Amino acid sequence: MDSLAALAGLLCPLAAAVTLGYTAVCAASPFGTCRHCHGLGRTGTRRGLHARACRRCDGTGIRIRRGRHLYHLIARIHRDGTR
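And the structure:
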């Protein structure tokens, strides 16, 4: 049991630090680059012919981070519940 307690003692602060770090990143920079078009806003064909606007980011090259999306969802539920 002692080694299990030591492992939990190491993992809990590490998980808390990672969570706080990601929260800080989402607060400082709520948008990230689109993973589909790599931030270019355009996707090409395999043969390299006509590049079209990326459907996932609507051609902007950016997307909202999942953590920021979750924050907005929770804030909306809270706002709707307190009206």
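Numbering (mature numbering (1 follows the signal peptide of the UniProt record, and there is no 0)), first residue to last: -27 to -1, 1 to 56. Think of the CB as a built atom: it goes at the ideal place given N, C-alpha and C, for glycine as much as any other residue. Bear in mind the structure is a predicted one, so any value in this text is a computation, not a measurement.
{"query": "Whole-Å CB distance - residue 70 paired with Cys7, under 8 Å assumed", "result": "Beyond the ends of the chain as shown, which are -27 and 56, falls residue 70; an answer cannot be given."}
{"query": "Test item: CB-CB of Ile35 and Gly5 under 9 Å", "result": "yes"}
{"query": "Pairwise C-alpha distance: Leu(-18) and Ala(-12)", "result": "10 Å"}
{"query": "Cα-Cα separation between Pro3 and His51, rounded to whole angstroms", "result": "20 Å"}
{"query": "Buried versus exposed, by CB contacts within 10 Å (16 or more), Cys10", "result": "buried"}
{"query": "Short Cβ contact (9 Å threshold) for Gly32 with His23", "result": "no"}
{"query": "Ala26 - partner residues in DSSP beta bridges", "result": "Arg15"}
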